[in-house]
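Numbering (my numbering), first residue to last: 3 to 66.
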């Protein structure tokens with residue numbers, strides 16, 4: 003069956019997959035349509051990008 007190799011791969015990589023799922027929760031960008039992008043939304047989007055970069059740096063110390 004096809005499912006067994008997939009399950010084997012998941013169980014061998016469970017720690018890396020947990021970390022990946024955790025990071026995806028916080029590092030997924032939200033795409034705001036152009037019709038809703040006013041200066042305040044653009045500023046908030048830039049702040050989020052900066053905070054995401056800081057999170058990446060902090061998180062890299064945890065998972066070393």
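Here a beta-carbon is modelled for each residue, glycine too, at the ideal position from N, C-alpha and C.
May I have the straight-line CA-CA distance separating residue i from residue j, to the nearest angstrom?
{"i": "residue 18", "j": "residue 63", "result": "15 Å"}
{"i": "residue 65", "j": "residue 3", "result": "35 Å"}
{"i": "residue 11", "j": "residue 5", "result": "10 Å"}
{"i": "residue 57", "j": "residue 14", "result": "27 Å"}
In terms of alpha-carbon separation, which member of the options lies closest to residue i?
{"i": "residue 29", "options": "43, 53, 39, 46", "result": "53"}
{"i": "residue 33", "options": "25, 20, 16, 44", "result": "44"}
Can you tell me whether residue i is helix, strand or coil according to DSSP?
{"i": "residue 34", "result": "coil"}
{"i": "residue 6", "result": "helix"}
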